[in-house]
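See structure below.
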């Protein structure tokens, strides 16, 4: 009897994405698995039930989780969901391990093997599995679209018989995947774009997209990047110098997009109320870090707030605002990783704890929390 892969309709509030596409359903079946998809799971991602059925999936209710050998999700399962999973089941999702200690403990107690997709190492082998990059790419794009929607002026320069409309000035703070896509999108819409980042490598990337780079380029700046390519937390002295430079620059901007996140820590505060007060009334800030406390003072998760005459966009789950595209990319990331876990002969999931991808992403296994960074005591692992 073939192993069963179950894909639920996401129960987390505001989660519009789904973990499989029709293409990845076909690939899962090709690997020898039976695929069950909860009815309505893909509707918000523009994948109707009929398309899943045509791809070979069985349409089921939420009770399909009880017999599943593998559960593929977008968000971390709730306590109620975990209680329906059978012992030994494999769960793969974005588990947000920094904020879900209870869920990790519950999955360990239930004997579930759980993998956190966002802990995928940034190595060549895992590029096709990098959910952080695929989803951040769309978040950067959507941030500019949301800003343009709230901004009550034109983005590009327009020359008309009645006079010239100047181009909007857009400043992007953080030139990672989301920031670079925000720069590219704002440039496509005709804005004059500048950007900042604490990583030296970002300067060339920003310039390659036609934007101006803004940073205090001292010795600390030159060493401000981890081996994994993430930004380091900067000293108080550097932060003060950078804040002064940024404050002067922000006062001249129409739209500011912030993307700064440090894994496992609250988002750094980049923009204060005093900086907002210096901006022109009607200016826009988009805070892509609002779910981690926010880069912008006064930002409110899930809302468009107004502070000192500036509208601060703080939408949650920004990739989910482009759900159809986000689900397609997430499904491909998930499929690329899942295929590495499948034993071709037995057509079942085989977890090799010595594999570098497994070491980095496995949170719970054999009734224990096994990741050394998240409640585990194991020594063979780490992100």
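In this note's numbering, the protein residues as written are 2 to 384. A virtual CB, placed ideally from N, CA and C, is assigned to each residue, including glycine.
Q. With distances taken from CA atoms, which of 3, 14 and 20 is nearest residue 337?
A. What you label residue 337 is simply residue 336 of the chain shown in a count that begins at 1. The shortest Cα separation from residue 337 among 3, 14 and 20 belongs to 20.
(Q) On a Cα-Cα basis, can you pick out the residue from 37, 64, 283 and 65 that is closest to residue 52? (A) Against the chain shown, residue 52 aligns to sequence position 51. Comparing C-alpha distances from residue 52 to each of 37, 64, 283 and 65 shows the shortest one belongs to 37.
Q. Does the Cβ-Cβ distance between residue 169 and residue 154 come in under 9 Å?
A. What you label residue 169 is simply residue 168 of the chain shown in a count that begins at 1. What you label residue 154 is simply residue 153 of the chain shown in a count that begins at 1. Against a cut-off of 9 Å, the Cβ pair of residue 154 and residue 169 comes out as a contact.
Q: Write down the C-beta distance between residue 80 and residue 4 rounded to the nearest angstrom, noting that I regard them as a contact closer than 8 Å.
A: The residue you call residue 80 lines up with position 79 of the chain shown. The residue you call residue 4 lines up with position 3 of the chain shown. About 25 Å; that fails the 8 Å criterion.
**Q.** 8 Å contact criterion, which residue 251 and residue 148 should meet: CB distance rounded
**A.** One-based indexing of the chain shown puts residue 251 at position 250. One-based indexing of the chain shown puts residue 148 at position 147. Wrong, their Cβ atoms sit about 14 Å apart, outside the cutoff.
**Q.** Inter-residue spacing [alpha-carbon to alpha-carbon] between residue 317 and residue 346
**A.** Residue mapping note: residue 317 aligns to position 316 of the chain shown, counting from 1. Residue mapping note: residue 346 aligns to position 345 of the chain shown, counting from 1. Distance between the alpha carbons of residue 317 and residue 346 is about 42 Å.
Q.
Tell me the rounded alpha-carbon separation between residue 370 and residue 302.
A. Here residue 370 refers to the residue found at position 369 of the chain shown. Here residue 302 refers to the residue found at position 301 of the chain shown. Distance from the CA of residue 370 to the CA of residue 302, rounded to the nearest whole angstrom, comes to 31 Å.
Q: Just grab the DSSP bridge partners of residue 161 for me.
A: For the purposes of this step, residue 161 is identified with residue 160 of the chain shown, where counting begins at 1. According to DSSP, residue 161 bridges with 164.
Q: Give every residue of the same chain whose Cβ lies closer than 6 Å to the Cβ of residue 348, excluding the five residues on either side of it in the sequence, and list them in chain order.
A: Taking the first residue of the chain shown as 1, we reach residue 348 at position 347. Once the five neighbours on either side are set aside, the close Cβ partners of residue 348 are 33.
Q) When you compare only the Cα positions, how much space is there between residue 467 and residue 176? A) With the chain covering only 2 through 384, there is no way to say anything about residue 467.
Q.
Let's see if you can read the secondary structure: which residues bound the beta strand (DSSP E) around residue 307?
A. Counting from one through the chain shown, the residue named residue 307 turns up at place 306. Per DSSP, residue 307 belongs to the beta strand (DSSP E) from 304-308.
Q. Taking Cβ to Cβ, would you say residue 141 is nearer than 9 Å to residue 179?
A. Indexing the chain shown from 1 puts residue 141 at position 140. Indexing the chain shown from 1 puts residue 179 at position 178. Yes. Within cutoff.
Q. Could you give the distance in angstroms between the alpha-carbon of residue 11 and the alpha-carbon of residue 35?
A. The sequence position of residue 11 within the chain shown is 10, counting from 1. The sequence position of residue 35 within the chain shown is 34, counting from 1. If you take the alpha carbons of residue 11 and residue 35, they lie about 20 Å apart.
Q) Residue range of the alpha helix (DSSP H) that residue 184 falls in? A) Indexing the chain shown from 1 puts residue 184 at position 183. Element bounds for residue 184: 178-189.
(Q) Three Cβ pairs or more, each shorter than 8 Å: is that satisfied between the segment 320-329 and the segment 273-293? (A) No, the segment 320-329 is not in contact with the segment 273-293.
Q) Between residue 8 and residue 137, what straight-line distance do the alpha-carbon atoms span, to the nearest angstrom? A) Residue 8 sits at position 7 when you count from the first residue of the chain shown. Residue 137 sits at position 136 when you count from the first residue of the chain shown. Whole-angstrom Cα-Cα distance: 23 Å.
Q: Just confirm the distance between the C-beta atoms of residue 98 and residue 76, as a whole number of angstroms; I'd bet it's less than 8 Å.
A: Position 97 of the chain shown, counted from the start, is the residue given in the question as residue 98. Position 75 of the chain shown, counted from the start, is the residue given in the question as residue 76. That pair is no contact at about 13 Å.
Q) Does the Cβ-Cβ distance between residue 334 and residue 195 come in under 9 Å? A) Counted from its first residue, the chain shown places residue 334 at position 333. Counted from its first residue, the chain shown places residue 195 at position 194. Against a cut-off of 9 Å, the Cβ pair of residue 195 and residue 334 comes out as no contact.
Q.
Can you tell me whether residue 32 is helix, strand or coil according to DSSP?
A. For the purposes of this step, residue 32 is taken as the residue at position 31 of the chain shown. The answer is coil: DSSP assigns residue 32 none of H, G, I, E or B.
Q) Between the C-alpha atoms of residue 85 and residue 326, what's the straight-line distance to the nearest angstrom? A) Here residue 85 corresponds to residue number 84 of the chain shown, with the count starting at 1. Here residue 326 corresponds to residue number 325 of the chain shown, with the count starting at 1. Between residue 85 and residue 326, the C-alpha separation is close to 30 Å.
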